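Residue numbers (UniProt numbering), protein chains in the order written: chain D, 1 to 251; chain V, 1 to 251; chain X, 1 to 251; chain W, 1 to 251.
All residues carry an ideal CB built from backbone N, CA and C; glycine is no exception.
Everything numeric in this text was worked out from a predicted model, so none of it was measured.
Remarks on the structure that follows.
Protein chains: 4
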Amino acid sequence: MKIISLTFILMVFGGFAMAQNDESMQMKPEMTEIWDPEVSVITPGEKPSDAPSDAIVLFDGTDLGREWTNGDGAEPGWLVEDGCATVKAGTGIIKTKRVFGDVQLHIEWRSPSEVKGESQGRGNSGVFLQETYEVQVLDNYNNRTYRNGQAGSLYKQHAPLVNACKAPGEWQTYDIIYTAPRFNEDGTYFTPPTVTVLHNGVLVQNHVKLRGPTEYIGIPEYSVRKHGKGSIILQDHGNPVSYRNIWIREL
Amino acid sequence: MKIISLTFILMVFGGFAMAQNDESMQMKPEMTEIWDPEVSVITPGEKPSDAPSDAIVLFDGTDLGREWTNGDGAEPGWLVEDGCATVKAGTGIIKTKRVFGDVQLHIEWRSPSEVKGESQGRGNSGVFLQETYEVQVLDNYNNRTYRNGQAGSLYKQHAPLVNACKAPGEWQTYDIIYTAPRFNEDGTYFTPPTVTVLHNGVLVQNHVKLRGPTEYIGIPEYSVRKHGKGSIILQDHGNPVSYRNIWIREL
Amino acid sequence: MKIISLTFILMVFGGFAMAQNDESMQMKPEMTEIWDPEVSVITPGEKPSDAPSDAIVLFDGTDLGREWTNGDGAEPGWLVEDGCATVKAGTGIIKTKRVFGDVQLHIEWRSPSEVKGESQGRGNSGVFLQETYEVQVLDNYNNRTYRNGQAGSLYKQHAPLVNACKAPGEWQTYDIIYTAPRFNEDGTYFTPPTVTVLHNGVLVQNHVKLRGPTEYIGIPEYSVRKHGKGSIILQDHGNPVSYRNIWIREL
Amino acid sequence: MKIISLTFILMVFGGFAMAQNDESMQMKPEMTEIWDPEVSVITPGEKPSDAPSDAIVLFDGTDLGREWTNGDGAEPGWLVEDGCATVKAGTGIIKTKRVFGDVQLHIEWRSPSEVKGESQGRGNSGVFLQETYEVQVLDNYNNRTYRNGQAGSLYKQHAPLVNACKAPGEWQTYDIIYTAPRFNEDGTYFTPPTVTVLHNGVLVQNHVKLRGPTEYIGIPEYSVRKHGKGSIILQDHGNPVSYRNIWIREL
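In structure tokens, the structure reads:
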């Protein structure tokens with residue numbers, strides 16, 4: 001009875017109609033079950049922010065040199081204490097020894113509780129995907145800057161949907177889902193990089209497409225060129241921004 | 001000096017070349033800053049799982065009837081105690097009074113600690129987007145079922161990337177990013193629904209496209225038809241699954 | 001026998017495996033036939049370049065004023081003779097009285113046989129979709145210009161895949177498939193405009209996405225704003241470019 | 001004057017606003033010109049249906065064996081006369097010796113002038129892309145069949161937008177723009193195949209996405225598996241369908 005009336009509804013209100021009405025032509029539930037291969041089982045973290053069993057822990061608050069180097073491949077110059085790594089101005093970026101393509105990345109950051117500077121000059125750092133595409137880190141709590149350069153922006157390409165910043169001195173989270181670009185043979189994008197960002201649990205980038213590298217000067221499209229996997233880079237922009245609990249899953 | 005060498009790198013290693021080299025034709029950083037309109041400021045939750053200031057709290061553990069009805073528009077028949085709402089078998093679905101299109105949805109669920117049944121018969125419920133598209137809720141902890149019907153699946157369309165289930169009796173989280181379909185005039189999709197799901201913080205659906213409603217029987221494409229905003233529905237599948245801390249943000 | 005071996009092949013070489021092997025769970029060919037609604041029947045042109053029965057003929061070589069006006073809504077100032085309409089420099093654009101969204105557009109054009117000027121100064125005109133997005137018309141036969149501004153380009157956004165120009169004085173064809181943008185409520189694109197162009201039968205634009213209006217100056221993204229259907233516009237760029245056999249189908 | 005008023009319009013009616021108003025921060029037209037690399041020059045055919053200089057001519061009406069074999073790699077069994085190749089029932093498919101990925105394909109076909117059979121039994125053949133994805137060839141002139149299996153359909157996946165068939169015995173054209181799938185490591189699609197088809201110059205498929213191989217029985221998604229470039233195949237479905245003027249361009 002129920003199936004008959006559902007069919008009736010579909011015929012009246014839309015959808016495409018099949019010719020066959022005899023019962024042998026009705027599909028059965030089992031025809032759309034797929035059993036193999038079995039989905040891999042992993043163990044999630046206790047809290048959603050904790051690293052699941054299939055993540056690579058990039059920084060657990062102790063040894064920064066295990067997974068990271070500075071820009072020259074030497075030991076990172078940043079300060080590690082109290083379970084976090086803090087930019088030491090002038091020592092330059094840090095980058096992962098491993099290289100990555102498509103990833104889920106969890107990272108926590110904190111801008112200095114002592115507020116100094118304004119606009120781009122306050123609590124400025126950044127998370128670079130594939131060494132090339134920057135998710136801006138900035139203290140935008142009561143600090144206005146250009147919309148496409150604030151915390152949670154894909155730098156100079158996509159402003160965040162909302163400003164979900166916490167106050168200086170508080171820990172904040174980025175959960176980033178990143179799909180690397182695929183390239184045509186001439187070095188242009190076949191598919192562009194896409195990025196989703198949750199800032200403190202709030203969606204601020206919704207599967208946005210990047211037009212090219214996140215450039216300080218110029219038009220991103222014009223500098224697209226083929227590249228492979230790359231490091232995660234954290235930026236030294238001269239401000240003592242801190243990081244902790246960094247883990248990544250290859251997709 | 002620095003700008004010159006960057007230009008040199010681009011010319012050698014790829015990208016497109018501009019004709020102009022005189023300085024007046026160099027872009028300036030300010031040319032790619034966008035200041036208006038200002039991005040809206042919201043207050044994130046203390047933890048990422050907590051509702052931010054711009055969310056609608058659909059269930060805070062107390063009054064289920066404020067935002068939900070049963071399938072007939074009457075008071076929900078589910079059990080509310082200990083800060084959660086639990087399926088009371090046979091009372092049917094519950095659905096939100098409000099209707100939604102594109103959303104970010106946070107929801108926490110728990111399958112019964114007493115394990116009963118197997119495959120689809122254990123801890124089965126579901127979260128329906130726009131009343132039509134189901135994110136499966138199921139106890140798949142040491143319980144195999146068809147891959148496209150397990151916890152975190154878009155039912156019979158997309159298996160989860162991994163099985164990130166917690167043990168029965170433990171609270172689990174879904175963070176769902178949903179884009180509603182847009183329709184052609186003939187009722188087919190102009191763009192299909194897309195769904196991203198984090199299960200216990202782990203990405204299990206990465207911006208997947210739905211082919212149509214999530215059907216128990218048949219081919220989803222064949223039953224696509226135009227619809228507007230819809231309720232969030234939680235399913236009564238006969239098992240006492242519990243829910244708590246449900247909030248939603250319209251995108 | 002045959003079905004069994006096909007199943008075997010799928011299990012060995014990939015694809016997803018179903019659990020059910022008994023015959024009653026095998027799908028039948030009729031289960032994937034869709035009969036209704038019947039597809040509309042139209043009559044194609046005798047040659048592919050001829051207008052099919054469901055096209056609107058925008059110009060058949062005779063009366064330009066039936067479907068077109070000049071920029072002020074008055075009679076077009078262009079010259080109509082010998083079955084074509086030719087830009088009369090200084091009289092300005094012509095635009096269709098009707099407005100369009102998604103379309104298939106066929107248009108034929110000819111640059112002057114007497115070659116004058118170079119780069120953008122030779123045989124320059126343009127076809128604007130929705131009054132906003134220009135497919136460049138230019139004599140690029142032995143005439144170099146910037147790649148993203150040559151014949152078949154989406155002006156300053158996408159260079160053509162190849163230069164398929166005919167010699168000055170010869171008739172050339174554009175077959176354009178255009179999907180209009182859909183908009184978010186804030187006026188940004190939900191989906192961008194996409195364009196496919198065949199130039200003299202050769203694919204020169206392959207479903208490219210536009211970043212915004214095709215601007216002479218500046219960054220297209222920055223000037224995106226919501227708009228509805230719009231006229232097809234043909235540009236007066238000061239050169240006596242001719243047009244004929246223009247037809248359009250609404251998609 | 002003009003530039004000022006344009007800026008004014010943008011500020012009032014939408015778009016994003018820049019902070020800078022001084023003249024040195026205005027972009028110049030040359031900043032968005034790209035000159036290198038130069039776009040390749042090709043020579044189009046005299047008519048749009050004629051092979052351009054960069055096409056591979058797969059059949060010019062004379063020697064079928066130069067570019068094609070039968071299913072076993074031997075000489076094709078089809079009949080070549082009067083400048084066309086005609087299916088000889090029972091000799092099986094023909095396939096190109098070369099393999100292709102992304103292509104533009106031009107092909108002309110004719111169903112027998114003597115009308116026999118109905119539905120799928122009349123003038124049935126097919127063009128397979130990458131040996132896997134069928135654009136249906138069928139005589140649907142006054143001959144109804146299931147909509148997702150008629151001429152111009154992607155077999156059992158996408159019905160044509162309109163039925164643009166010519167009468168039996170008349171030559172018809174398909175202009176096909178095909179983008180091959182890219183694969184994930186697990187053999188699923190990273191991006192699905194996409195197909196655009198012009199039938200007798202009329203758009204019948206508009207960049208549609210395939211869900212998997214075009215199956216006679218079953219659900220396409222379930223049989224997706226990784227493959228590389230493949231032959232163009234023309235089907236022997238038992239009816240004496242003829243082909244001529246086949247050329248292809250690799251994209």
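Asp186(V) is the residue among Asp186(V), Arg211(V), Thr132(V), Thr173(V) whose C-alpha sits nearest the C-alpha of Leu161(W). Scanning chain X for C-beta atoms nearer than 7 Å to the C-beta of Trp35(W) yields Tyr146, Arg147, reported in chain order. Identification of residues in the stretch 103-114 of chain W having a C-beta nearer than 9 Å to some C-beta of chain X yields Gln104, His106, given in sequence order. Residue contact with chain V for Phe183(D): absent (no Cβ-Cβ distance below 8 Å to any residue of chain V).
Spanning the alpha carbons of Ser125(X) and Phe16(V) requires a straight line of approximately 25 Å. His207(X) belongs to the set of residues whose beta carbon lies under 8 Å from a beta carbon in chain W.
Bounds of any beta strand (DSSP E) do not take in Arg98(X), whose DSSP letter is neither H nor E. For His207(W), the enclosing beta strand (DSSP E) begins and ends at 202-209. Residue burial is scored here from C-beta neighbours: Ala167(W) has fewer than 16 other C-beta atoms within 10 angstroms and is therefore classed as exposed. Not a single C-beta of chain D is nearer than 8 Å to the C-beta of Glu131(X). The C-beta of Ala180(V) has 16 or more other C-beta atoms within 10 Å across all chains shown, which makes the residue buried.
A Cβ-Cβ distance of about 10 Å is found for the pair Gly117(X) and Leu138(X), leaving them out of contact under the 8 Å criterion. By the beta-carbon neighbour count (other beta carbons within 10 angstroms, threshold 16), Asp72(W) is exposed. Distances from the CA of Gln205(D) to each of Glu250(D), Asp236(D), Ala159(D) were compared; the closest alpha carbon is that of Ala159(D). The DSSP-derived three-state label of Gln136(X) is strand. Listed along chain D, the residues sitting closer than 7 Å to Tyr222(W) by beta-carbon distance are Ile34. A Cβ of chain V is located within less than 8 Å of the beta carbon of Thr191(X).
In this structure, the CA atom of Lys229(D) is about 27 Å from the CA atom of Gly45(D).
For Glu38(V), the secondary structure class from DSSP, reduced to helix, strand or coil, is coil.
For the pair of segments examined, the stretch 86-105 of chain V was found not to touch the stretch 35-43 of chain V: the number of CB pairs separated by less than 8 Å stays below three.
Counting the other Cβ atoms within 10 Å of the Cβ of Glu23(D) gives fewer than 16, which makes it exposed. The three-state secondary structure of Glu215(V), taken from DSSP, is coil. As a beta-bridge residue in DSSP terms, Val195(X) pairs with Tyr178(X), Val208(X). Apart from sequence neighbours up to five positions away, the residues of its chain that approach Val80(D) with a beta-carbon distance below 6 Å are Leu64, ordered along the chain. Residue-level contact by beta carbon fails for Phe128(W) and chain V, as no gap is shorter than 8 Å. For Thr62(W), no beta strand (DSSP E) encloses it, and the DSSP letter there is neither H nor E. A residue is called buried once 16 or more other Cβ atoms fall within 10 Å of its Cβ, and Glu67(D) is buried on that count. Collapsing the DSSP output to three states places Asn245(W) in a strand.
The C-alpha of Val115(V) lies about 35 Å from the C-alpha of Ile246(D). Interface residue (Cβ-Cβ distance to chain X less than 8 Å): Glu38(W) is classified as such. Linking Trp109(X) to Pro76(X) through their CA atoms gives a straight-line distance of about 17 Å. Where His227(V) is concerned, there is no enclosing beta strand (DSSP E), because DSSP gives it neither an H nor an E. Under the Cβ distance rule, Phe16(W) counts among the residues neighbouring chain X, one pair being separated by less than 8 Å. Residue burial annotation: Lys47(D) is exposed, with fewer than 16 other C-beta atoms found within 10 angstroms of its C-beta. Proximity to Ile34(V) across Leu154(D), Tyr146(D), Arg182(D) peaks at Tyr146(D), based on C-alpha coordinates.
Counted as a single uninterrupted DSSP element, the beta strand (DSSP E) harbouring Thr86(V) occupies residues 84-86.
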